[in-house]
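Okay, so here's the structure we're looking at.
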């Protein structure tokens, strides 16, 4: 399991450096709660490459917690429809928080 997690972490790191992701996921059934985001937050830009990607799956991959889907929604509510369904080609901002799996300092961004 650790090897699988490490493998996915490496994949996510590479995708972050490219600024995009093409990871697919299953359906999303979670109710999303809205939160307020800090004004000085750091972002990672991604592009959705499949209609099968969901907010909860992105939250799981980037934060290790599907519950962080509301954070992604709040950061992108002007782009994501009320249905919370992501579409191929959408450009999203992923907020870098303390839960972010690959922190910018680990990627050599500072």
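Residue numbers (my numbering): 169 to 278. Each residue gets a CB set at the ideal place from its N, CA and C atoms; glycine is no exception.
In this structure, the alpha-carbon of residue 229 lies about 13 Å from that of residue 265. In the three-state reduction of the DSSP assignment, residue 239 falls in the helix class. Residue pairing by DSSP puts residue 263 in a beta bridge opposite 211.
Pairing residue 240 with residue 262 gives a Cβ-Cβ distance under 8 Å.
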